[in-house]
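Chains as they are written, first to last, in the working numbering: chain A, 58 to 154; chain B, 436 to 758. Yeah, the Cβ is synthetic: ideal placement off N, Cα and C, and Gly gets one too.
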Amino acid sequence: MKSMRYLKDTAILKLDVQKCIGCGNCELVCPHRVFKIIDAKAQIIDHNGCIECGACTTNCPVDAIYVNPDDGCGCATYIVNSWLQKIFSKKRSFLGG
Amino acid sequence: MATSLQRRDHLGTIGARSGFLRNNYKVPPGLYCTGNPKKNSPVLVTANYKLSFDALRKELAVENCWLLVVDTRGINVWCAGGKGTFSAEEIAYQVQRADLAKIVNHRRLILPQLCANGVAIHKLKALCGFRGNFGPINAAAIPEYLKTGIANEQMRSVTFDLKERMVLIPLEVCMLWKQSIILCLFFFVLSGISRELFSLDLALQRGLIITTVTMLGIFSGAILTPLLLPWIPAKQFWLKGLITGVVVAGLYSTLTPPGLQPIDSIALALWLLSCSSYLAMNFTGSTVFTSLSGVEKEMRKGLIFQIVSALTALTLWLISAFL
Chain A
58 MKSMRYLKDT
68 AILKLDVQKC
78 IGCGNCELVC
88 PHRVFKIIDA
98 KAQIIDHNGC
108 IECGACTTNC
118 PVDAIYVNPD
128 DGCGCATYIV
138 NSWLQKIFSK
148 KRSFLGG
Chain B
436 MATSLQRRDH
446 LGTIGARSGF
456 LRNNYKVPPG
466 LYCTGNPKKN
476 SPVLVTANYK
486 LSFDALRKEL
496 AVENCWLLVV
506 DTRGINVWCA
516 GGKGTFSAEE
526 IAYQVQRADL
536 AKIVNHRRLI
546 LPQLCANGVA
556 IHKLKALCGF
566 RGNFGPINAA
576 AIPEYLKTGI
586 ANEQMRSVTF
596 DLKERMVLIP
606 LEVCMLWKQS
616 IILCLFFFVL
626 SGISRELFSL
636 DLALQRGLII
646 TTVTMLGIFS
656 GAILTPLLLP
666 WIPAKQFWLK
676 GLITGVVVAG
686 LYSTLTPPGL
696 QPIDSIALAL
706 WLLSCSSYLA
716 MNFTGSTVFT
726 SLSGVEKEMR
736 KGLIFQIVSA
746 LTALTLWLIS
756 AFL
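Given below as structure tokens:
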């Protein structure tokens with residue numbers, strides 16, 4: 058989907074080409090077609106298309122792909138709540154011990 | 436199992452889309468079938484969310500298929516994958532619970548592509564003896580996939596066209612009713628505070644104005660921005676909401692009720708911008724092309740603007756009654 062793009066150079070996505078066995082799972086599952094198998098190895102051909110959904114890393118049999126592991130639906134209210142929770146639980150742990 | 440949607444199903448869709456009893460659209464997990472499936476008929480896997488299940492079954496009118504509905508707690512395929520409830524383990528559990536190995540003579544499951552963030556396909560075979568294949572993203576492409584066994588690039592790419600954005604809007608708006616009622620009451624009190632301590636007249640008159648402007652903010656951020664999304668120039672959503680907010684505020688200012696002080700107009704404009712910007716930013720969670728890292732990045736700027744702008748707006752609105 059080239060018509061709608063999000064922020065550039067922000068998504069956390071790393072591919073260890075050394076580890077890659079070229080199975081093609083990442084190319085298959087990516088909903089934004091970020092990967093392509095070139096010469097029997099996966100390549101990131103569209104880093105800025107990545108939305109960190111995690112499909113590639115879940116389906117990589119050799120752990121060659123790293124994606125931002127934070128679990129989140131990516132909506133603002135959810136993130137605000139998780140930030141508040143972090144602050145709140147820190148405070149509570151201060152009080153507790 | 437019916438493959439055409441009845442009146443009751445459509446009513447349920449309206450309910451699900453508007454958020455009425457939002458957590459109540461679960462389909463009982465288990466094995467279903469369409470037509471007259473045989474031992475060699477394909478097995479399709481889906482989530483137990485009403486809209487996922489409906490989307491799939493209505494495409495299967497002329498197919499003979501098995502449908503394995505896994506328990507995702509009534510959450511759609513993609514989000515359940517993200518939250519880990521749609522997983523290889525859960526599929527394996529449902530395969531065993533349904534005794535699928537005795538019902539079909541093959542060992543293949545067709546999975547929706549968008550569950551891939553939760554389902555590790557290479558782990559399935561060891562867990563339940565069945566191999567998984569990722570089918571297309573959209574249920575509408577299933578009949579073609581069943582014929583050819585291939586999902587092309589287009590069937591494997593997510594889209595977010597006008598219609599797909601439109602169906603999300605009712606929920607964006609309806610989720611706000613609680614906050615809206617609290618805000619209305621708050622505005623009523625705030626608008627009445629004046630030199631005579633509290634004026635009911637002012638509360639009603641000014642409360643109504645700022646409530647109207649809040650509605651406009653919701654309209655701008657949660658309706659207009661999603662609709663016009665690809666055409667609003669800006670990548671960050673809080674800026675998109677700001678841009679639509681400026682336009683809406685501009686239009687409103689041409690129709691402002693007489694008797695408003697300039698300070699009131701500024702307060703109202705800032706308030707509208709904060710609402711619009713925040714709600715637009717919140718829409719990131721519903722799109723198919725935003726990343727968590729990106730949303731966190733833009734929120735650090737967006738939230739500061741929204742908080743400062745909202746607090747300034749409310750302070751000016753309060754001060755205005757004393758001038």
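Smallest Cα separation from residue i: which of the options?
i	options	result
residue 518 (chain B)	B:486, B:644, B:464 and B:554	B:554
residue 596 (chain B)	B:628, B:663 and B:587	B:663
residue 552 (chain B)	A:66, A:117 and A:61	A:117
residue 643 (chain B)	B:622, B:688 and B:739	B:622
residue 567 (chain B)	A:85, A:69 and A:92	A:85
residue 61 (chain A)	B:466, B:475, B:638 and B:593	B:593
residue 703 (chain B)	B:756, B:711 and B:648	B:648
residue 717 (chain B)	A:136, A:141 and A:143	A:136
residue 734 (chain B)	B:672, B:461 and B:707	B:672
residue 122 (chain A)	A:81, A:65, A:66 and A:67	A:81
residue 743 (chain B)	B:708, B:720 and B:728	B:708
residue 464 (chain B)	B:482, B:470 and B:739	B:482
residue 485 (chain B)	B:460, B:581 and B:675	B:460
residue 488 (chain B)	B:726, B:511 and B:476	B:511
residue 104 (chain A)	A:72, A:95, A:120 and A:97	A:72
residue 683 (chain B)	B:698, B:699, B:665 and B:712	B:712
residue 138 (chain A)	B:731, B:530, B:752 and B:746	B:731
residue 111 (chain A)	A:76, A:68 and A:63	A:68
residue 609 (chain B)	B:583, B:587 and B:654	B:654
residue 615 (chain B)	B:641, B:631, B:650 and B:627	B:650
residue 537 (chain B)	B:493, B:574, B:589 and B:478	B:478
residue 533 (chain B)	B:467, B:447 and B:507	B:467
Note down, in chain order, every chain B residue with its Cβ under 7 angstroms from the Cβ of residue i.
i	result
residue 104 (chain A)	What residue 104 (chain A) touches in chain B: nothing, since even the nearest Cβ is about 11 angstroms away.
residue 86 (chain A)	548, 551 and 569
residue 69 (chain A)	728
Please classify residue i as buried or exposed, where buried requires at least 16 other C-beta atoms within 10 Å of its C-beta.
i	result
residue 694 (chain B)	exposed
residue 543 (chain B)	exposed
residue 126 (chain A)	exposed
residue 145 (chain A)	exposed
residue 715 (chain B)	buried
residue 685 (chain B)	exposed
residue 154 (chain A)	Legend: pLDDT at residue 154 (chain A) = 37, less than 50; position of this residue unreliable, no value from coordinates given.
residue 140 (chain A)	exposed
What would DSSP say about residue i, mapped onto helix, strand or coil?
i	result
residue 484 (chain B)	strand
residue 545 (chain B)	strand
residue 98 (chain A)	strand
residue 92 (chain A)	strand
residue 107 (chain A)	coil
residue 468 (chain B)	strand
residue 670 (chain B)	coil
residue 558 (chain B)	helix
residue 444 (chain B)	helix
residue 552 (chain B)	coil
residue 60 (chain A)	coil
residue 536 (chain B)	helix
residue 76 (chain A)	coil
residue 593 (chain B)	coil
residue 696 (chain B)	coil
residue 519 (chain B)	coil
residue 157 (chain A)	Past the edges of chain A, shown from 58 to 154, lies residue 157 (chain A), and the structure says nothing about it.
Counting only Cβ pairs nearer than 8 angstroms, list the residues of chain B close to residue i.
i	result
residue 95 (chain A)	Simply none; closest approach about 16 angstroms.
Based on DSSP bridge pairs, tell me the residues matched to residue i.
i	result
residue 123 (chain A)	A:71
residue 566 (chain B)	B:543
residue 479 (chain B)	B:502 and B:545
residue 632 (chain B)	B:629
residue 461 (chain B)	B:484
Who are the neighbours of residue i on chain B, taking C-beta pairs under 9 angstroms?
i	result
residue 121 (chain A)	By Cβ distance, chain B contributes nothing, its closest Cβ being about 13 angstroms from residue 121 (chain A), past 9 angstroms.
residue 111 (chain A)	516, 517, 551, 552 and 553
So which residues of chain A does residue i contact, with C-beta pairs closer than 7 angstroms?
i	result
residue 572 (chain B)	88
residue 605 (chain B)	Within 7 angstroms Cβ-Cβ: nothing; residue 605 (chain B) doesn't reach chain A, min ~16 angstroms.
residue 526 (chain B)	By Cβ distance, chain A contributes nothing, its closest Cβ being about 13 angstroms from residue 526 (chain B), past 7 angstroms.
Counting only Cβ pairs nearer than 9 angstroms, list the residues of chain A close to residue i.
i	result
residue 671 (chain B)	63 and 64
Along chain A, which residues have their Cβ under 8 angstroms away from the Cβ of residue i?
i	result
residue 733 (chain B)	64
residue 592 (chain B)	58, 88, 89 and 90
residue 588 (chain B)	90
residue 436 (chain B)	Within chain A, no residue comes near residue 436 (chain B); the closest Cβ sits about 28 angstroms away, beyond 8 angstroms.
residue 713 (chain B)	133
residue 716 (chain B)	133
residue 665 (chain B)	60 and 61
residue 739 (chain B)	Within 8 angstroms Cβ-Cβ: nothing; residue 739 (chain B) doesn't reach chain A, min ~13 angstroms.
residue 577 (chain B)	Within chain A, no residue comes near residue 577 (chain B); the closest Cβ sits about 16 angstroms away, beyond 8 angstroms.
residue 742 (chain B)	Near residue 742 (chain B) there are no residues of chain A at all, since even the closest Cβ is about 11 angstroms away, more than 8 angstroms.
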